[in-house]
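Visitor: First the structure, then my questions, so here it is.
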């Protein structure tokens, strides 16, 4: 197909649910992507956080190739070895519990929500309400978009699902404590809000949330869909905080590019979901489980956790130095290799200009650039990316074009 053939096929046959950029990629390896013309790009936002081990990591490819010729799918009322092995590996790296496999982060969060409600019904309290936070993102299904603390994702899908208290400010314990009622069964949170603009929960706040949940016999769910699998420098983000949640949810980078998600629940509550109460046809299939085992092997064999910590510190230091010299950079924040750069200008044009120069990054909340390279990113690659970003930001400082300006609030306009 020619470039135009691809564009025409998308325009004619595919629903317009994504804002497209006019690039067609056909190959990926490690930190690099290649387009139809063979041009090379540095990918510092691989697959919305899917590519923690980079594109087509040998450990993932080997696992998939080994499995694909044997058995691709099996219904979940039968056994296959890889699902058991993967569940054991996840538990080995997290906490004592059991795993439910799904296809995505939204499905994993749906499973957590259903488990919470079943738990609240089973203990006789009839609690069902779940508290979530401002700028949170938990998925696109009707329940998870309700849990998401961002009105823009909810608009047009009302009425939303009952039983959620949303938009509480992150790191405000008093607001959380005041929101708890006799109907509250759980608190659901991200320790680093990805779609929310890379806002990091404070250690004191997370510790107090855990204590409150213990006191009120509520469940604590940590959404690790984006923070999991080494992204923050530990296998799971909650491990920075010295607490153990009742549930975590995983997806994105778990499958190394293949679609898999899961919900992990503490052993004492996991069996609340009994046969027939929840299911996922494709959840935990042989091929995706083998891929996920390959991801775990890659992270451990290549010592990616310690490397991610070192490279996160390196990138953050370089970006903070850039902040001193470049007035459009307001703040640099993050954890490990989950880094946000908040600008005083619109980020969309910055992302587009970086892409023109061969660097893929992302912008969320209009002004926050997200840098989430693979955990095995090298200093040479980091320096190359920073050089492109710096040149684009310096150009933005010099320009007065409207494409870079942040629209002032209505009150300021008046």
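In our numbering, the protein residues as written are 98 to 511. Don't be surprised by glycine CBs; every beta carbon is placed ideally from N, CA and C. All values reported here derive from a predicted model rather than from experimental measurement.
1. Suppose the cutoff is 6 Å on Cβ atoms and the five residues either side in sequence are ignored; what does the same chain contact list for residue 261 look like?
2. Going by DSSP in three states, residue 438 sits in which element: helix, strand or coil?
3. Measure from the alpha carbon of residue 285 to the alpha carbon of each residue in 291, 363, 306 and 300, then state which is nearest.
4. Between the Cα of residue 295 and the Cα atoms of 199, 439, 218 and 128, which residue gives the shortest distance?
5. What residues are listed by DSSP as bridge partners for residue 291?
6. If you check the beta carbons only, do residue 350 and residue 202 fall under 8 Å apart?
7. With DSSP collapsed to three states, give me the class of residue 409.
8. Around the Cβ of residue 378, are there at least 16 other Cβ atoms within 10 angstroms (buried) or fewer (exposed)?
9. Considering only the beta carbon of each residue, do residue 359 and residue 179 sit closer than 8 Å?
10. How should residue 123 be labelled, buried or exposed, when 16 other C-beta atoms within 10 angstroms of its C-beta is the threshold for buried?
11. Count the C-beta pairs between the region 191 to 198 and the region 232 to 239 that are closer than 8 Å, then say yes if the count reaches three, no if not.
12. To the nearest angstrom, report how far apart residue 133 and residue 105 are at their CA atoms.
13. Considering just the uninterrupted stretch of the beta strand (DSSP E) at residue 519, what are its terminal residues?
14. Given residue 281, which residues of its chain have a CB within under 8 Å of its CB, disregarding the five upstream and five downstream residues?
15. Does residue 105 come out as helix, strand or coil in the three-state DSSP assignment?
16. Identify the continuous alpha helix (DSSP H) that holds residue 393 and give its terminal residues.
17. Let me know the secondary structure DSSP gives residue 261 once reduced to three states.
18. Where in the region 122 to 185 do unbroken runs of the alpha helix (DSSP H), each at least 4 residues long, occur, reported from the N-terminal end onward?
19. Hey, is the region 155 to 173 in contact with the region 318 to 326, meaning 3+ C-beta pairs nearer than 8 Å?
20. Pick helix, strand or coil for residue 337, following the three-state DSSP scheme.
21. Less than 7 Å between C-beta atoms, sequence neighbours within five positions excluded: which residues of the same chain meet that for residue 278?
22. How long is the line joining the alpha carbons of residue 256 and residue 152, rounded to whole angstroms?
23. Apart from the five residues just before and just after residue 101, which ones in its own chain have a Cβ nearer than 8 Å to its Cβ?
24. Is the Cβ-Cβ distance between residue 156 and residue 471 less than 8 Å?
25. Could you give the distance in angstroms between the alpha-carbon of residue 320 and the alpha-carbon of residue 112?
26. Taking all protein chains shown into account, do 16 or more other C-beta atoms lie within 10 angstroms of the C-beta of residue 450, making it buried, or fewer, making it exposed?
27. Hey, residue 304 and residue 338: beta-carbon distance below 8 Å or not?
28. Going by DSSP, what residue range makes up the beta strand (DSSP E) through residue 311?
29. Can you list, in chain order, the residues of its chain whose CB lies under 7 Å from that of residue 369, leaving out five sequence neighbours each side?
30. Locate the beta strand (DSSP E) running through residue 226, then write down its first and last residues.
31. Check each candidate in 334, 478, 460 and 456 and name the one with the smallest Cα separation from residue 120.
32. Decide yes or no for the touch test of the region 339 to 346 against the region 137 to 146: beta carbon pairs closer than 8 Å, at least 3 of them.
33. Would DSSP call residue 492 helix, strand or coil?
34. I'd like the span of the alpha helix (DSSP H) that includes residue 197, first residue to last.
35. Using a Cβ-Cβ cut-off of 8 Å (strictly less than) and excluding sequence neighbours within five positions of residue 191, which residues of its own chain qualify?
Guide: On the basis of the supplied data:
1. Excluding sequence neighbours, residue 261 sits near 227, 243 and 244.
2. Residue 438 falls in the strand class under three-state DSSP.
3. By alpha-carbon distance to residue 285, the top candidate from 291, 363, 306 and 300 is 306.
4. Minimum Cα distance to residue 295 is reached at 439.
5. Looking at the DSSP assignment, residue 291 forms no beta bridge with any residue, so it has no partner.
6. If you check the CB distance, residue 350 and residue 202 do not come in under 8 Å.
7. Secondary structure of residue 409 (DSSP, three-state): helix.
8. Of the residues assessed, residue 378 falls on the exposed side of the cut-off, its CB having fewer than 16 other CB atoms within 10 angstroms.
9. In this structure, residue 179 does not lie closer than 8 Å to residue 359 by Cβ.
10. The residue is exposed, with fewer than 16 neighbouring Cβ atoms inside 10 Å.
11. No, because fewer than three Cβ pairs between the region 191 to 198 and the region 232 to 239 fall closer than 8 Å, the two stretches do not touch.
12. Taking the straight line from one Cα to the other gives about 16 Å.
13. What is shown of the chain runs 98 to 511, which leaves residue 519 out entirely.
14. Closer than 8 Å at Cβ, skipping near neighbours: 224, 226, 227, 228, 262, 313 and 315.
15. Helix at residue 105.
16. Here the alpha helix (DSSP H) through residue 393 covers 383 to 398.
17. DSSP, read as helix, strand or coil, puts residue 261 in strand.
18. Within the region 122 to 185, the complete alpha helix (DSSP H) segments at least 4 residues long are 155 to 165, listed from N- to C-terminus.
19. Taking one beta carbon from each stretch, the region 155 to 173 and the region 318 to 326 have fewer than 3 pairs nearer than 8 Å; the two do not touch.
20. Of the three classes helix, strand and coil, the one that applies to residue 337 here is helix, per DSSP.
21. If we look at residue 278 and ignore the five residues flanking it on each side, its Cβ neighbours are 226.
22. Rounded to the nearest angstrom, the two C-alpha atoms are 40 Å apart.
23. Short of 8 Å from the beta carbon of residue 101, and not among the five residues preceding or following it, lies no beta carbon of its own chain.
24. No.
25. Residue 320 and residue 112 have their alpha carbons spaced roughly 28 Å apart.
26. Residue 450 is buried by the Cβ-count criterion.
27. Yes, the Cβ-Cβ distance between residue 304 and residue 338 is below 8 Å.
28. From DSSP, residue 311 is part of no beta strand (DSSP E) but of the alpha helix (DSSP H) over 300 to 312.
29. So the qualifying residues of the chain are 212, 215, 216 and 219.
30. For residue 226, the enclosing beta strand (DSSP E) covers residues 226 to 230.
31. The option with the nearest alpha carbon to residue 120 is 456.
32. No, they do not touch.
33. Of the three classes helix, strand and coil, the one that applies to residue 492 here is helix, per DSSP.
34. Bounds of any alpha helix (DSSP H) do not take in residue 197; it lies within the beta strand (DSSP E) bounded by 194 to 199.
35. Residues 332, 333, 345 and 361 of the same chain have their beta carbon placed closer than 8 Å to that of residue 191, with the five preceding and five following residues left out of the count.
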